[in-house]
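First to last, the protein sequences are chains A and B.
The first sequence begins at 0 in numbering that gives the first Met the number 0 and counts up one residue at a time.
The second sequence begins at 0 in numbering that gives the first Met the number 0 and counts up one residue at a time.
See structure below.
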Amino acid sequence: MATVPIPRRRPIASMRHDPSAFWHHVDATLVACLLGVASLGVLMVYSATRYIGPGEPLNNLYLTRQLFFVVVGLVVAAAVAVVDYHKILDQAPLIYGSTVLLLVAVRLVGSRRSGTQGWFQMGPFQLQPSEFAKLALVLGFTYLATQFHGDIDLRRLGALLGISAVPIVLVLLQPDLGTALVSVAITFCLLVAAGVKGRYLVLLGVGAILFATLVLTSGMLDGYQKDRLTVFANQENERTLAEERGDAYNLEQSKLAIGSGGVRGTGLFNGPQTRSNRVPEQHTDFIFTVVGEELGLIGAGALLAAYSVIVWRVWRTAQLARDDAGTMICLGVLAMFVFQIFQNVGMTMGIMPITGIPLPFLSYGGSSTLMAFVAMGLVLNVHMRRFR
Amino acid sequence: MTSANPRARHHVLGIVALSLFAALFTRLWYLQVLTTDEATAAVDSARTQTVIKEAPRGRILDRSGKVLVENRRIIQIQVDYQDFIDLTGPKQTELLRLLADQIFQDELRIYGGERVADDPGPRPEETTTTTAPDDLTEGTGPDGTTTTSTTTTVPEEDANSALDESGATTTQPDGPFTEHPPPAGVATGAQNPDGSGKADPPPPEPIDEDELRSRIEDERYSKFKPVPVATGISEELELYITEHPEMFPTVVVERVTARRYLYGALLAHVLGYVGSITEDELDEAQNPDKPYENDDDIGKAGIEQLMEMELRGTPGQEVYEVDARNRPIREITEQRREPVPGRDVYLTVDINMQYLMEKGLAAEIERRRGVQDNGCFLPGGCNPLGAASVAIDPRNGQVLAMASYPTYDPNLFVGGISRADYEAISADDRGDEHNYPLLNRAIGGQYAPGSTFKLFSAFAGLANGLITPDYVYNDTGTYLYSATCNTDVENNCSARNAGGTGNGAVDLTAAITRSSDTYFYKLGDDSWRARDRIGRDAMQRSLETWGLGHKPGIDLPGEATGRIPTPDWLMDFSIALNGDNDEARVAGTWTAGVSGNTMVGQGDVLVSPLQLAQGYATLANGGTVWKPQLVLQVNDYATEANVEVTEAEATGLVDLRPEWREPMVAGFDGVTKASGGTATRAFAGFDQSQCPVAGKTGTAQVTGKNDSSLFAAFAPTPTEGRESVIAMATVFQESGFGAAAAVPLTRRVLEPFASVGCDIERFGAADSPFTAPLGGWFDVDDAVAEYVPQGTDTVL
């Protein structure tokens with residue numbers, strides 16, 4: 000495929016004079032959308048966390064931290080974008096391997112919160128390896144799939160499935176169902192992109208559905224996980240007091256927040272649901288409710304539009320990519336974004352089960368923000384180097 | 000990527016992504032456009048908490064501005080019934096045992112004077128009433144929003160100034176009866192149900208678990224709010240219980256606003272009382288202007304009930320936006336409403352005169368009790384069951400005093416009356432022993448008026464042309480209805496004067512003064528004989544304009560209509576009583592004798608004391624029947640703002656010609672001073688130079704019962720350009736002749752009144768020599784000794 004040698008080093012002095020230099024091909028639209036969404040995220044996180052209690056000063060801890068994460072994310076994304084993605088892909092086995100090790104380690108010595116053992120406590124911050132596992136999966140899969148050059152028999156398919164299965168199983172063990180589901184979505188999308196035969200895909204799809212049914216009906220999942228998965232389907236049922244305090248309450252408050260925003264929203268920092276901390280986990284998984292309540296249909300619609308533009312630019316980059324590796328990286332990232340956005344936003348509006356996955360660029364959290372920026376850095380990387 | 004068309008696959012992926020976003024947009028549209036109203040409403044109701052600020056109830060004052068009823072705060076122990084029944088049996092027993100012990104110890108110490116139960120100041124930590132409603136108990140308001148309530152205390156300065164106004168310089172008594180035994184005729188509950196006046200306050204009864212349990216399960220209280228089990232506890236016990244919540248689970252101590260009846264039992268029947276609102280009352284009285292919560296108080300009787308809408312304050316509210324843990328974030332100030340205190344009701348009553356009247360009723364009852372004379376001929380002598388007196392202003396119908404014996408202490412109702420106390424003062428199966436203290440005899444009792452009815456008889460005779468003022472009748476002591484009367488057939492062949500002696504030749508004036516019965520027997524006989532010419536019930540019809548037989552229309556429930564018997568009524572009554580048979584028809588046949596009996600106020604005639612007073616007031620003022628009024632004016636709380644004065648209202652006009660009225664008035668005037676006047680001896684020594692008293696005694700005779708004693712009076716006599724300012728009627732059940740009890744009572748009220756020139760303003764002024772003491776307390780023995788009438792037993 001790629002036969003034209005890639006120029007490796009250029010003198011710094013001539014950079015700005017070379018019209019074919021890769022930084023002349025940055026996808027400005029994508030960058031603008033990223034910056035816009037990430038800024039909105041910082042604001043929304045602040046709105047969700049500023050009120051602590053009556054008479055207490057406003058809390059700006061989360062504001063500064065999220066701002067810090069975004070800045071770090073931008074720097075890391077730039078760094079990722081600058082290094083040729085082939086070089087990064089060359090390191091895929093290392094990245095993949097160390098991520099798997101991290102996943103094993105977190106299962107053994109990680110911190111535990113609300114039934115999930117998925118964090119390393121690092122001072123005030125928490126490192127969440129499962130976030131990076133999604134990206135490691137993309138890279139590892141791409142690394143392997145590009146070796147096959149689209150010619151995938153059953154053995155190779157098994158290898159690809161295996162490379163996906165390892166992090167997915169490890170994440171499931173934490174258990175972090177949401178991330179595992181994202182990873183499954185990524186895998187499926189990558190299988191499609193890698194050129195796996197249609198009948199295999201159909202078989203895999205059917206198998207996945209059967210497996211999911213089996214898992215749900217067997218005792219493998221904790222009761223609370225099952226409740227979370229099924230609560231969205233039982234919204235009209237009479238709520239018991241226990242449910243009131245659990246996910247049903249969470250979902251109810253979430254839908255009320257979004258619904259009460261109406262078309263124009265209640266105004267920034269002015270949402271009753273947000274201001275009164277009525278929506279649990281609002282700054283992380285339920286951050287979309289802040290947008291919905293305070294900025295209304297206009298703000299939430301604009302946010303979804305911005306996401307659509309991002310996804311479109313990623314998809315377009317996949318088309319423009321110089322090689323299969325670039326295409327697959329972009330499609331993996333695309334699958335990750337689309338699934339996370341749909342799952343997260345859908346969850347807050349009651350059309351998807353409640354699973355704890357963050358909304359990229361918007362939810363508070365260092366690992367997820369960083370991961371989203373790194374993913375976008377990769378896409379930019381592919382975009383900048385689209386010309387053969 | 001040779002096995003499939005990669006472009007097509009990418010497009011599929013793109014379309015999948017696109018459709019997922021479309022789904023999100025659709026759902027967002029649904030939530031934020033189609034169903035946004037429901038969400039907004041749900042958020043609004045959940046995000047706010049309304050704190051109801053109870054407004055002080057208006058005060059009740061007398062006509063001179065003395066405060067009769069105000070508010071105070073008391074401490075109450077309440078038990079949350081729902082939580083209580085969730086406790087295990089042994090825990091319940093243990094709790095009740097501890098609580099009963101503490102309450103009893105507290106009562107003992109209050110009794111011993113170690114602790115004080117009344118009127119605690121604000122709690123130290125309660126600096127303002129606008130503190131955050133964190134610790135408030137929640138209830139659910141009628142609109143489903145969460146509500147809490149606090150009480151706004153009466154501004155201290157208002158309460159003080161009101162007291163200064165009334166001239167009370169002494170400190171407030173703890174309660175009307177903490178220092179003294181109750182006066183005679185004041186039922187103070189289970190300890191003294193019949194108001195004998197003999198009960199010293201006994202030491203408190205020990206309280207045990209069963210007693211507490213029965214209080215908790217008392218079905219008069221809703222089980223969905225804390226049930227009061229002890230009221231008026233000391234601050235020390237309050238502190239003890241609140242500091243030991245582990246010992247007293249489900250128990251709360253609340254400071255509640257309660258009414259304080261400053262004059263104890265005085266005017267109890269007029270003032271009424273307040274109590275917890277019942278569900279029925281809540282449904283009925285609920286209104287948007289002054290909405291009720293389900294733990295509010297409401298007026299249950301008397302002025303408290305009738306003036307509820309004026310007395311009740313307008314509750315205020317503070318609306319807070321609260322967070323998920325119901326902690327207030329901020330107050331929504333635009334929804335804030337300040338509580339507006341209820342309005343002050345000024346009564347037409349003068350409390351000083353009321354005091355004299357109630358003290359007099361008790362004194363005369365006790366003086367007459369057991370006395371054996373011509374009026375009380377039954378073995379055992381007089382057995383006064385009750386008495387009533389009412390004084391009104393003939394110029395406008397304002398009630399100056401209204402008393403009924405026995406009475407009760409409305410303070411009993413404060414904070415919830417105990418079952419035993421309520422049964423003791425309200426049960427209707429205790430008959431004579433008990434005498435229904437809750438009954439307001441002054442308006443609700445109806446009695447045979449005896450000779451006091453002669454006012455009406457005389458008017459009816461004059462109006463029908465049967466007599467003239469100048470007509471002279473020779474009173475021999477006996478009136479023979481018919482010379483040919485067959486005593487075997489007719490039982491009323493003749494009738495004698497009460498007392499039996501003749502009065503000689505009497506004209507109308509003398510007949511009234513000396514209470515000549517035969518004069519009126521003849522009038523009755525004549526009217527019946529003339530029935531073909533003037534009509535069978537001509538006499539009764541001429542009394543209609545006086546308002547007899549109808550409710551006088553005072554602003555109190557329970558008015559009696561009285562009864563003026565007519566021939567038709569008698570027949571209907573007899574048939575209804577005995578069945579439609581010949582015997583009943585004979586008994587129901589109106590005869591000259593019945594007519595004569597009616598003319599002297601015996602037989603089937605019934606009037607209420609208020610009707611009687613109203614009648615004499617009508618005579619005194621020249622013919623206007625004024626509707627009796629109790630409310631003088633209504634003001635905004637503790638101010639002179641928004642004064643609404645009640646206008647006098649005439650309900651009838653009697654064609655009382657001067658040529659009739661003057662001799663009648665002269666006759667009544669003679670009753671208290673002329674030789675042969677039936678009350679002359681009882682009025683001996685009464686200085687009538689300034690304010691002469693006119694009146695009429697009455698002795699109602701019922702077969703097999705002691706006589707009832709009546710007196711109707713008005714003063715000053717409206718002659719020589721004077722205008723009567725008071726008309727008063729008094730009834731003593733089974734207490735002897737009119738001059739035996741009712742006249743002395745009238746003198747006990749009117750003599751002090753006359754000494755200030757019959758000037759009600761001076762009588763009620765701060766420097767009045769007849770100031771009613773706070774608490775309304777008096778010693779009956781002293782009161783009896785104050786005035787002993789002379790030689791009343793031989794005169795009617």
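For every residue, glycine included, the Cβ atom is placed at its ideal position computed from N, Cα and C.
Taking every protein chain shown into account, the CB of E237(B) has 16 or more other CB atoms within 10 angstroms, so this residue is buried. In the structure shown, the three-state DSSP call for K289(B) is coil. With its beta carbon at least 8 Å from every one in chain B, I353(A) lies outside the interface. Exclusion of the five residues before and after E235(B) leaves R114 as the residues of its chain whose Cβ lies within less than 7 Å of its Cβ. Residue contact check for K133(A) against chain B: no CB pair falls below 8 Å. When rounded, the separation of the alpha-carbon atoms in A771(B) and Q687(B) is 24 Å.
For R495(B), the enclosing beta strand (DSSP E) has its first and last residue at S493 to R495. Around V701(B), the same chain offers A447 and S707 as residues with beta carbons nearer than 8 Å, after the five sequence neighbours per side are excluded. The alpha helix (DSSP H) runs lying completely inside the region 570 to 626 of chain B and spanning 4 residues or more are 581 to 586, 591 to 598 and 608 to 620, given in chain order.
R254(B) has I74(B) as its beta-bridge partners, per DSSP. In chain order, G557 and A559 place their CB closer than 6 Å to the CB of G443(B), counting only its own chain and leaving out the 5 sequence neighbours on each side.
Taking a Cβ-Cβ cut-off of 9 Å, the neighbours of D322(B) in chain A comprise Y50, G52, P53, R274, S275, N276 and R277, given in sequence order.
Using a 10 angstroms sphere on the CB of K65(B), the tally of other CB atoms reaches 16 or more, which defines it as buried.
Taking a cut-off of 8 Å on C-beta distances, the region 346 to 363 of chain A touches the region 247 to 255 of chain A, as three or more cross pairs fall below it. Three or more beta-carbon pairs drawn from the region 373 to 387 of chain B and the region 729 to 744 of chain B are found closer than 8 Å, and the two stretches are therefore classed as touching. Distance between F68(A) and V373(A), taken at the CA atoms: about 12 Å. Against chain A, the beta carbon of I328(B) has neighbours under 8 Å at Y50, P53, R274 and S275, listed in chain order.
Distance from the CA of G117(A) to the CA of S129(A), rounded to the nearest whole angstrom, comes to 7 Å. Taking all protein chains in view, the Cβ of G111(B) is surrounded by fewer than 16 other Cβ atoms within 10 Å, so the residue is classified as exposed. The three-state secondary structure of E53(B), taken from DSSP, is strand. For V398(B), the secondary structure class from DSSP, reduced to helix, strand or coil, is strand. Its chain contains G188 and G274 as the residues whose beta carbon lies nearer than 8 Å to that of I416(B), once the 5 sequence neighbours on both sides are disregarded; these appear in chain order. Put simply, of L23(B), I14(B), E303(B) and T249(B) the residue whose alpha carbon is nearest the alpha carbon of E93(B) is T249(B). Our two residues, P290(B) and S767(B), have alpha carbons roughly 42 Å apart in a direct line.
The Cβ atoms of I232(B) and A99(B) lie no closer than 8 Å to each other. In the assembly as shown, P56(A) is an exposed residue. Its beta-carbon has fewer than 16 other beta-carbons within 10 Å. CA-to-CA, the gap between I167(A) and L134(A) works out to about 12 Å.
When beta bridges are read from the DSSP output, E69(B) appears opposite R259(B). Within chain A, the residues P271 and S275 have their CB atoms less than 7 Å from the CB of R46(B), given in chain order.
Out of F710(B), F736(B) and F103(B), the CA that lies nearest to the CA of V228(B) is found in F103(B).
Judged by pairs of C-beta atoms under 8 Å, the region 33 to 40 of chain B touches the region 251 to 261 of chain A, as three or more such pairs exist.
DSSP places T650(B) in the strand class (E or B) of the three-state scheme. Around the beta carbon of D780(B), fewer than 16 other beta carbons lie within 10 angstroms, which makes this residue exposed. Per DSSP, the continuous beta strand (DSSP E) segment holding V633(B) begins and ends at V630 to N634.
Between L547(B) and V606(B), the gap from beta carbon to beta carbon is short of 8 Å. Residue pairing of K695(B) in beta bridges, as defined by DSSP: A711(B).
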